[in-house]
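Here the structure comes first, spelled out in structure tokens, and everything after it is commentary.
2 protein chains.
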Amino acid sequence: MSKVELNDKKIQILEVAEKLFSEKGFEGTSIRDISKMAKINIAMVSYYFGSKERLLEALLLYKTSDLKLQIELLLHENLEPLDKVNKLIEIYINRINCNRGIYRILHFELTSKKREENLAAFTELKKGNLKSLETIVKEGQSKGIFRKDVIIPLITPTIMGTFFHFHMNKPFFEELLNLNTETLYNDYIKNSLTKHIQQTIKALLVYEN
Amino acid sequence: MSKVELNDKKIQILEVAEKLFSEKGFEGTSIRDISKMAKINIAMVSYYFGSKERLLEALLLYKTSDLKLQIELLLHENLEPLDKVNKLIEIYINRINCNRGIYRILHFELTSKKREENLAAFTELKKGNLKSLETIVKEGQSKGIFRKDVIIPLITPTIMGTFFHFHMNKPFFEELLNLNTETLYNDYIKNSLTKHIQQTIKALLVYEN
DNA sequence: GTTTAATTTAAACGCTTGTTTAATTTATTT
DNA sequence: AAATAAATTAAACAAGCGTTTAAATTAAAC
């Protein structure tokens, strides 16, 4: 069996690694933790991926492949600008929420280190997504629906940032909002939090003084 | 000399710890790193703070002690609700921007429940700040200025999250917005980013369908 | 069925970690 | 000046780390 392709066992390791990295951080997670939870021998990580660092690389590539496509598809749908924005928010939140771990790593773990070869691919992804958002917003502006003094590159930080801050303070909000179970927590994100972000961005885009 | 109070040497250790924690994370920073950079003996950290975990605790308390006071002062100022919200945002952003390191730690390291329990004091701080925000918003609602279907606990995530996402993607926005120098970057935060957040929250609070 | 390759394993490697010890230096008090 | 307390140090500690080894097991090829 090849060591480059992703077989079931490698994927299993990646899934466990994502879970643990997102819970305890990259440095805070040991290969022994991973191998124990994935029920494989410690040496298998090195055997499959070469090193812990290369495991992280493989994990990033594994998880960040098809978001761009999803957004570009939305771009060409026949929808009103506001509906497109709302759907974009939904895609973003759902996407990040389903891949919490990897986005946590991307935003916090990777920025602290000097991993520019990995960041380059990710930067291109971000630029493309911003371009898509710009297209949607300018469409709404030219239709006279959206106001024109909005700084478009700062919209994404508000969307993503709101989610991240919420999720990063998970224990705090779990207690505050009585989200005792994982289901309750996920439902709150899917409904209330997503709605809050949509409401916020809508207000920002269409509100007139 | 007492071990509880903060003398110059303890403060020196805390400053170094903040710098290294923010650069390399909590797990990624060793006590040897800290002691080397602070030019003290390895044992001094344990001697002064007891453990690495308690050093983090001391660091958090050291850096987040007077924010609560600052916000409670604002609460009793004679200002319109919207002006209070705007000033609150200004306080938050300025505050976080001046203490980037520590807030990075807070977001990055405090996600695990286990650690959150150790830092109950900080949770209380957050609750108090939320209470203050609630007071301001409800004041605006009772005056008929703010809409009433806003989820107040989600306002802070939008304020803080927007800043954090921006700052976490510093290299990306530096290139995108041509913020070539540190001064340009800081000015952008102080002016454009802060204004964007204020504009967003204002729209969220006063926008009517 | 034998040979060859791929997978899996337990054990050990060298190194770093956070913390503790006990001795020494420095400062304070009597 | 002597006695006591505080600060600082080098060294050692056990535990955990990522990684490597070499042997054992399983699968594939001939």
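So the protein lines, in turn, are chains A and B.
With UniProt numbering, letter number 97 in the first sequence gets 97, and the count goes up by one each step, no holes.
With UniProt numbering, letter number 67 in the second sequence gets 67, and the count goes up by one each step, no holes.
Yeah, the Cβ is synthetic: ideal placement off N, Cα and C, and Gly gets one too.
All values reported here derive from a predicted model rather than from experimental measurement.
Subject >> Residues near A/Lys-170 by beta carbon distance below 8 angstroms, same chain, minus five either side >> reply: The beta carbon of A/Lys-170 lies closer than 8 angstroms to those of Tyr-185 in the same chain, with the five residues before and after it left out.
Subject >> Same chain, Cβ closer than 8 angstroms to A/Glu-174, neighbours up to 5 away in sequence not counted >> reply: Cβ neighbours of A/Glu-174 within its own chain (closer than 8 angstroms, five residues either side excluded): Asn-180 and Tyr-185.
**OP:** Verify whether the separation of the beta carbon atoms of B/Lys-63 and B/Ile-31 is less than 7 angstroms.
**Re:** Contact check for B/Lys-63 against B/Ile-31 fails: the beta carbons are separated by 7 angstroms or more.
Original post:
Using the rule of at least 16 other Cβ atoms within 10 Å of the residue's Cβ for burial, across every protein chain shown, is A/Arg-54 buried or exposed?
Top reply: By the neighbour-count rule (16 or more Cβ atoms within 10 Å), A/Arg-54 is not buried but exposed.
**OP:** Can you say whether B/Lys-10 is buried or exposed, counting buried as having 16 or more other CB atoms within 10 angstroms of its CB?
**Re:** Buried, since its Cβ has 16 or more Cβ neighbours within 10 Å.
Original post:
Would a check of beta-carbon distances place B/Phe-21 closer than 7 angstroms to chain A?
Top reply: Answer no: the Cβ-Cβ gap between B/Phe-21 and chain A never drops below 7 angstroms.
**OP:** Find out if the Cβ-Cβ distance for the pair B/Ile-34, B/Ile-197 is shorter than 7 angstroms.
**Re:** Going by C-beta atoms, B/Ile-34 is not nearer than 7 angstroms to B/Ile-197.
Subject >> A/Glu-18 vs A/Leu-59 beta-carbon contact at 7 angstroms >> reply: Yes, the pair counts as a contact, with Cβ atoms nearer than the cut-off.
Original post:
Since A/Met-160 meets chain B, which of its residues come closer than 8 angstroms, beta carbon to beta carbon?
Top reply: Contact annotation for A/Met-160 against chain B: Gly-161 and His-165 [CB-CB distance below 8 angstroms, chain order].
Original post:
Does the beta carbon of B/Thr-200 sit closer than 7 angstroms to a beta carbon anywhere in chain A?
Top reply: Yes, contact with chain A.
Original post:
Looking at the structure shown, is A/Lys-19 part of a helix, part of a strand, or coil, going by DSSP?
Top reply: A/Lys-19: helix per DSSP, three-state reduction.
**OP:** At 7 angstroms on the CB atoms, spell out the chain B contacts of A/Ile-151, in chain order.
**Re:** Listed along the chain, the chain B residues whose CB falls inside 7 angstroms of the CB of A/Ile-151 are Ser-192 and His-196.
Subject >> Per-residue DSSP class, three states only, for residue 291 of chain A >> reply: Nothing can be reported for residue 291 of chain A, as the shown portion of chain A is limited to 1 through 209.
Original post:
What do you reckon, are the CB atoms on B/Pro-157 and A/Phe-166 nearer than 7 angstroms?
Top reply: Result yes, Cβ atoms of B/Pro-157 and A/Phe-166 sit closer than 7 angstroms.
Original post:
Going along the chain, which residues of its own chain have a beta-carbon closer than 8 angstroms to the beta-carbon of A/Ile-136, five neighbours each way excluded?
Top reply: Answer for A/Ile-136: Leu-75, Pro-81, Lys-84, Val-85 and Leu-88, listed in chain order.
**OP:** Evaluate A/Leu-205 with the Cβ neighbour count: other Cβ atoms within 10 Å of its Cβ, from every protein chain shown; 16 or more gives buried, anything less gives exposed.
**Re:** The C-beta of A/Leu-205 has 16 or more other C-beta atoms within 10 Å across all chains shown, which makes the residue buried.
Subject >> Min CB distance B/Leu-59 to chain A below 7 angstroms >> reply: With 7 angstroms as the cut-off, B/Leu-59 does not count as an interface residue toward chain A.
**OP:** Ignore the nearest five residues each way along the sequence and tell me which others in B/Met-1's own chain have a CB closer than 7 angstroms to its CB.
**Re:** Note that B/Met-1 scores a pLDDT of 40, beneath 50, so its modelled location is shaky and nothing firm can be said.
Original post:
When burial is assigned at 16 or more other CB atoms within 10 Å of the CB, is B/Thr-162 buried or exposed?
Top reply: Its Cβ being crowded by 16 or more others within 10 Å, B/Thr-162 is buried.
Original post:
Can you find a CB in chain A that lies within less than 7 angstroms of the CB of B/Met-168?
Top reply: True, the Cβ-Cβ gap to chain A drops below 7 angstroms.
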